[in-house]
Amino acid sequence: MSRLLYSVSMSLDGFIAGPGGDMLWLTDHLGANPLVDELLGDIGALLVGNRTFGGDDPHRGTEKEGEAFGGGWAGPQFVVTHRPPGDPVPDVTFVGSVAAGVAAARAAAGEKYVNVMGADIARQCVEMGALDEVLTIIVPVLLGDGVRLFEHPGGTNVKLERVHQSEVPHATNLWFRVVK
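The letter at position 135 of the sequence shown is residue 135 when you use the working numbering, and the numbering goes up by one with no holes.
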């Protein structure tokens, strides 16, 4: 059965996007990361929040714009939204709930990972008990404001167990298993 993995780049102060969902902060920090390169072959489907799907692209203005992982991955994407666009989008299925998205993405991914994209979708997966792993790529920059890696009003205590740690010149990779 597939596992749900929330993989994300994050500033040292805990933001995955800048104010207003700005992802252009990441552009200057993109670079080779063997862990991510290996992971891409293990992803069978994406579960994406609507704001992430329609948001900023760190590859804006390049030939990689609009492509998942800058064109490094292709396959089925499941976007959670209550307002799907009128025109179909290739390889994208719009679903009305996180539960429906998790089920559809798991079925499409087979034995591979479902990669979760979007902080709110990840939070909802945690609340459902569906999130299995978290890969955080910490980038050496301070943003000061924006979208947090994980936010739960009133707080919570999600226990994680580190399963891998590695470094590349421009980032530190921290991979955790969600303790259930």
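Think of the CB as a built atom: it goes at the ideal place given N, C-alpha and C, for glycine as much as any other residue.
Because the structure is a prediction, the values reported are computed rather than measured.
**Message:** By alpha-carbon positions, which one of 1, 7 and 2 ends up nearest to residue 149?
**Reply:** Locating residue 149 in the sequence shown gives position 149, counting from the first residue. Nearest of 1, 7 and 2 to residue 149, Cα basis: 7.
**Request:** Go to residue 151, then tell me how far its beta strand (DSSP E) extends in each direction, as first and last residue.
**Result:** For the purposes of this step, residue 151 is taken as residue 151 along the sequence shown, with counting starting at 1. Counting along the chain, residue 151 falls outside any beta strand (DSSP E), and DSSP gives it neither H nor E.
**Message:** Between the stretch 132 to 152 and the stretch 17 to 30, can you find at least three pairs of beta-carbon atoms closer than 8 Å?
**Reply:** A contact exists between the stretch 17 to 30 and the stretch 132 to 152.
**Item:** Beta carbon of residue 133 nearer than 9 Å to that of residue 178
**Value:** Along the sequence shown, read from residue 1 onward, the residue named residue 133 stands at position 133. Along the sequence shown, read from residue 1 onward, the residue named residue 178 stands at position 178. Yes.
**Message:** Suppose you measure from the CA of residue 105 to the CA of residue 167; what does that come to, to the nearest Å?
**Reply:** As a first step, residue 105 must be located in the sequence shown, where it is residue number 105. As a first step, residue 167 must be located in the sequence shown, where it is residue number 167. Pairing residue 105 with residue 167, the inter-Cα distance amounts to about 30 Å.
**Item:** Test item: CB-CB of residue 49 and residue 79 under 9 Å
**Value:** Translated into positions along the sequence shown, residue 49 becomes position 49. Translated into positions along the sequence shown, residue 79 becomes position 79. Cβ atoms of residue 49 and residue 79: closer than 9 Å.
**Item:** Residue span of the alpha helix (DSSP H) that contains residue 21, given as start and end
**Value:** By one-based count along the sequence shown, residue 21 stands at place 21. Where residue 21 is concerned, there is no enclosing alpha helix (DSSP H), given that its DSSP letter is neither H nor E.
**Asked** Hey, out of 142, 154, 176 and 161, whose CA is closest to residue 14's CA?
**Response** Here residue 14 is taken as the residue at index 14 of the sequence shown, counted from 1. The shortest C-alpha separation from residue 14 is found at 142.
**Request:** Please list, in chain order, all residues of the same chain as residue 101 whose beta carbon is under 7 Å from its beta carbon, the five residues on each side excluded.
**Result:** Taking the first residue of the sequence shown as 1, we reach residue 101 at position 101. Taking C-beta separations shorter than 7 Å and ignoring five residues to either side along the sequence, the partners of residue 101 in its chain run 47, 78, 80 and 95, following chain order.
**Message:** My output table needs one value for residue 10: the three-state DSSP class, helix, strand or coil.
**Reply:** Locating residue 10 in the sequence shown gives position 10, counting from the first residue. Secondary structure at residue 10: strand, using DSSP grouped into helix, strand and coil.
**Prompt:** Beta-carbon separation of residue 108 and residue 72 under 9 Å?
**Reply:** Within the sequence shown, numbered from 1, the residue matching residue 108 stands at position 108. Within the sequence shown, numbered from 1, the residue matching residue 72 stands at position 72. No. Outside cutoff.
**Message:** On the DSSP letters alone, give me the boundaries of the alpha helix (DSSP H) that residue 50 sits inside.
**Reply:** Within the sequence shown, the letter at position 50 stands for residue 50. Element bounds for residue 50: 50 to 53.
**Request:** Could you pull out every residue in the same chain whose Cβ sits closer than 6 Å to the Cβ of residue 29, ignoring the five residues on either side in sequence?
**Result:** Counting from 1 along the sequence shown, the entry for residue 29 is found at position 29. Annotation for residue 29: 139 and 170 place their beta carbon closer than 6 Å to its own, counting only its chain and skipping 5 residues before and after.
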